[in-house]
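Asks: Numbering (our numbering) for the sequence shown: 142 to 194. Below you will find the structure I want to go over with you.
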Amino acid sequence: MAAQQRLAELAPEIPLYNVTRLDAVPATLRNFKGNPTNTGIFWNVWEWEFGAP
142 MAAQQRLAEL APEIPLYNVT RLDAVPATLR NFKGNPTNTG IFWNVWEWEF
192 GAP
């Protein structure tokens, strides 16, 4: 068991894929910041404002 745990800790991590995200938002939306994680685009929704571009 200890040997398996040690091997798991020392094994290199090789990412096998990458997700490309493209967020389309209206020009009138201010303070939108894209989120680089998989939690979604609404992580800072309280900062958003709509107004003239």
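Ideal Cβ positions, reconstructed from N, Cα and C, are used throughout, including at glycine.
So W184 and N176 are in contact, right, with Cβ under 8 Å, and what is the actual spacing, rounded?
Replies: Going by Cβ atoms, the distance from W184 to N176 rounds to 5 Å, so yes, they are a contact pair.
Asks: DSSP three-state call for L170: helix, strand or coil?
Replies: Of the three classes helix, strand and coil, the one that applies to L170 here is strand, per DSSP.
Asks: Report the rounded CA-to-CA distance for M142 versus L151, giving the unit in angstroms.
Replies: So the alpha carbons of these two residues sit roughly 14 Å apart.
Asks: Give the secondary structure of E154 by DSSP, where H, G and I count as helix, E and B as strand, and everything else as coil.
Replies: E154: coil per DSSP, three-state reduction.
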